[in-house]
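Undergrad: With the sequence shown counted from 1, adding 563 to any position gets you my numbering. By construction, the Cβ of each residue, glycine as well, lies at the ideal position given by its N, Cα and C atoms. Note that this is a predicted model, so its numbers are computed, not measured.
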Amino acid sequence: MASQEVLQQAEERIEQACKERATELDLSMRGLTELPESLGQLTQLQILSVSHNQLTVLPESLGQLTQLQTLYVSGNQLTALPDWLRGLARPIELYLEDNPGLDLPTEIIESHDSRKIADYYFRTGAPGERQALNEFKLILVGRGGVGKTTLVHRLVTGEFKEFKRTPGINITHWPVTVGGKAVRAHVWDFGGQEILHGTHRFFMTERALYLVLVSGREGTEDHDAEYWLSLVRSFAGDVPVIVLLNKWDDFRFELNRAQLCRKYGQNLVFLETDAKTGRGIHRLDQHIRRLAKKLPGLLNFA
Numbered sequence: 564m565a566s567q568e569v570l571q572q573a574e575e576r577i578e579q580a581c582k583e584r585a586t587e588l589d590l591s592m593r594g595l596t597e598l599p600e601s602l603g604q605l606t607q608l609q610i611l612s613v614s615h616n617q618l619t620v621l622p623e624s625l626g627q628l629t630q631l632q633t634l635y636v637s638g639n640q641l642t643a644l645p646d647w648l649r650g651l652a653r654p655i656e657l658y659l660e661d662n663p664g665l666d667l668p669t670e671i672i673e674s675h676d677s678r679k680i681a682d683y684y685f686r687t688g689a690p691g692e693r694q695a696l697n698e699f700k701l702i703l704v705g706r707g708g709v710g711k712t713t714l715v716h717r718l719v720t721g722e723f724k725e726f727k728r729t730p731g732i733n734i735t736h737w738p739v740t741v742g743g744k745a746v747r748a749h750v751w752d753f754g755g756q757e758i759l760h761g762t763h764r765f766f767m768t769e770r771a772l773y774l775v776l777v778s779g780r781e782g783t784e785d786h787d788a789e790y791w792l793s794l795v796r797s798f799a800g801d802v803p804v805i806v807l808l809n810k811w812d813d814f815r816f817e818l819n820r821a822q823l824c825r826k827y828g829q830n831l832v833f834l835e836t837d838a839k840t841g842r843g844i845h846r847l848d849q850h851i852r853r854l855a856k857k858l859p860g861l862l863n864f865a
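See below:
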């Protein structure tokens, strides 16, 4: 179908949506190489999908959609983001997956937060010229009650405090110095309840450092280490991992480290830690800063 005919059909759908005062419009998978300027008339629109076309730019007219809440633009050929994106009165859900020309980090795209995306994009310059973003993700996984939240508190504040089991996900922002530069770690502490195990995979990313926490009180330490390391390798790949033998002073135990290294990588780091006594916390801090330097695309320590 000729591009002009495709564009004409899109304009007809926009005209119909305007008459009906529609709040949703789907223009995905239509072979569009551009979007009609008439889209700007749909000021009542809340959801717009233009995914899986051949778009290289988003028109300024989209900035007129003051009621827009969600914009799907995945699977296009965008090479730049429009300036109106950073002028929005409130952030929208923005889906930009599969637009390699934008050269955006996975974490930024997967946030689906237009404000965060625009802030990164316009702060770091044009694709190919951007400096690394001085922040990284630190993800803690382990069964419930293993002490993840307590350890995070000790690591970030230097103080001991006991917590009840975490419902859902806690995210702590931790300012650290890595290689002499100010860096912010986003510490993701997952609740360990069985119902949450299936959700971990949706938040795992290659551009992160992982802490796998196990304890010996239940007698399942080897099984737990296998379970969590397998999950990390399956969904995040060959990322840096520190295995913590946690609550060590409360109950000492050992893991089959040689076997775990053979199965999940010789670069695994093992540490005995205890948030209550402070055992291993300083060494853990040092290892985190050392490994953060090696995270691809996030830090620039030439």
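Give the straight-line distance between the Cα atoms of Leu807 and Phe833, rounded to the nearest whole angstrom.
TA: 6 angstroms
Undergrad: The beta strand (DSSP E) with Ile655 in it runs from where to where?
TA: Taken as a continuous stretch (DSSP letters only), Ile655 belongs to no beta strand (DSSP E), as it is neither H nor E.
Undergrad: Start and end of the beta strand (DSSP E) containing Ser797?
TA: Boundaries around Ser797 are those of the alpha helix (DSSP H), Glu784 to Ala799, since no beta strand (DSSP E) includes it.
Undergrad: Using the three-state DSSP reduction, which class does Glu587 fall into: helix, strand or coil?
TA: strand
Undergrad: Out of curiosity, what's the CA-to-CA distance linking Val795 and Leu847?
TA: Their Cα atoms are separated by approximately 19 angstroms.
Undergrad: For Ala788, which residues in the same chain have their Cβ closer than 8 angstroms to its Cβ, ignoring the five residues on either side in sequence?
TA: Around Ala788: Val775, Val777, Val806, Leu818 and Leu823.
Undergrad: Give every residue of the same chain whose Cβ lies closer than 7 angstroms to the Cβ of Ser612, excluding the five residues on either side of it in the sequence, and list them in chain order.
TA: Around Ser612: Asp589, Leu590, Ser591 and Tyr635.
Undergrad: If the criterion is Cβ atoms closer than 8 angstroms, does the pair Leu701 and Ala748 meet it?
TA: Yes, they are a contact pair.
Undergrad: Is Met564 buried or exposed, if buried means 16 or more other CB atoms sit within 10 Å of its CB?
TA: Because the pLDDT of Met564 is 47, which lies under 50, any placement of that residue in the model is unreliable, and the number read from its coordinates should be weighed accordingly. Flag for Met564 reads exposed.
Undergrad: From the DSSP output, read off the bridge partner residues of Pro738.
TA: The partner list for Pro738 (beta bridge, DSSP) reads Arg747.
Undergrad: Could you check the C-alpha separation between Glu574 and Pro599 for me, to the nearest Å?
TA: 6 angstroms
Undergrad: Using a Cβ-Cβ cutoff of less than 7 angstroms, which residues in the same chain neighbour Glu725 once the five nearest sequence positions on both sides are dropped?
TA: Thr713
Undergrad: Do Val869 and Ile734 have their CB atoms nearer than 8 angstroms?
TA: Outside the displayed range of the chain (564 to 865) lies residue 869, so it cannot be described from this structure.
Undergrad: When we look at the beta-carbon of Lys711 and count the other beta-carbons within 10 Å, is it buried (16 or more) or exposed?
TA: buried
Undergrad: By how many angstroms is the C-alpha of Ser637 removed from the C-alpha of Glu784?
TA: 42 angstroms
Undergrad: In the DSSP assignment, find the beta strand (DSSP E) that holds Val832 and state where it starts and stops.
TA: For Val832, the enclosing beta strand (DSSP E) begins and ends at Val832 to Glu835.
Undergrad: Among residues of its own chain, excluding the 5 on either side of Tyr683, which ones have a beta-carbon nearer than 8 angstroms to its beta-carbon?
TA: Leu667, Pro668, Ile671 and Leu696
Undergrad: Ordered along the chain, which non-local residues of its own chain (more than five positions away) have a Cβ less than 8 angstroms from that of Gln640?
TA: Gln617, Leu618, Thr619, Asn662 and Gly664
Undergrad: Just how far apart, CA to CA, sit Gln572 and Gln579?
TA: 11 angstroms
Undergrad: Go to Leu605, then tell me how far its beta strand (DSSP E) extends in each direction, as first and last residue.
TA: Where Leu605 is concerned, there is no enclosing beta strand (DSSP E), given that its DSSP letter is neither H nor E.
Undergrad: May I have the straight-line CA-CA distance separating Asp867 from Trp737, to the nearest angstrom?
TA: Absent from the model: residue 867. The displayed extent of the chain is 564 to 865, so no value can be given.
Undergrad: Considering only C-alpha positions, which residue in the set Leu858, Gly708, Ile732 and Tyr790 is nearest to Lys826?
TA: Closest by alpha carbon: Tyr790.
Undergrad: Mind reading off the beta-carbon distance from His675 to Leu651? Whole number of angstroms is fine, and I expect it under 8 angstroms.
TA: 14 angstroms between Cβ atoms; not a contact.
Undergrad: What ranges does the beta strand (DSSP E) occupy inside the region 635-673, keeping only unbroken runs of at least 3 residues that lie completely in it?
TA: 656-658
Undergrad: Comparing C-alpha positions only, which one of Arg852, Glu781, Leu625 and Asn830 sits nearest to Gln609?
TA: Minimum Cα-Cα distance from Gln609 among the listed residues Arg852, Glu781, Leu625 and Asn830 corresponds to Leu625.
Undergrad: Per DSSP, which one or two residues make a beta bridge with Ala771?
TA: Its beta-bridge partners are Lys700.
Undergrad: Name the DSSP beta bridge partners of Ile805, please?
TA: Leu774 and Val832
Undergrad: Does Thr840 come out as helix, strand or coil in the three-state DSSP assignment?
TA: coil
Undergrad: Within 10 angstroms of its Cβ, does Glu698 collect 16 or more other Cβ (buried), or is it exposed?
TA: So Glu698 ends up on the buried side.
Undergrad: Which term fits Lys810, buried or exposed, when burial requires 16 or more other beta carbons within 10 angstroms of its beta carbon?
TA: So Lys810 counts as buried.
Undergrad: Just to confirm the assignment, what range does the alpha helix (DSSP H) spanning Leu823 have?
TA: Arg820 to Tyr827
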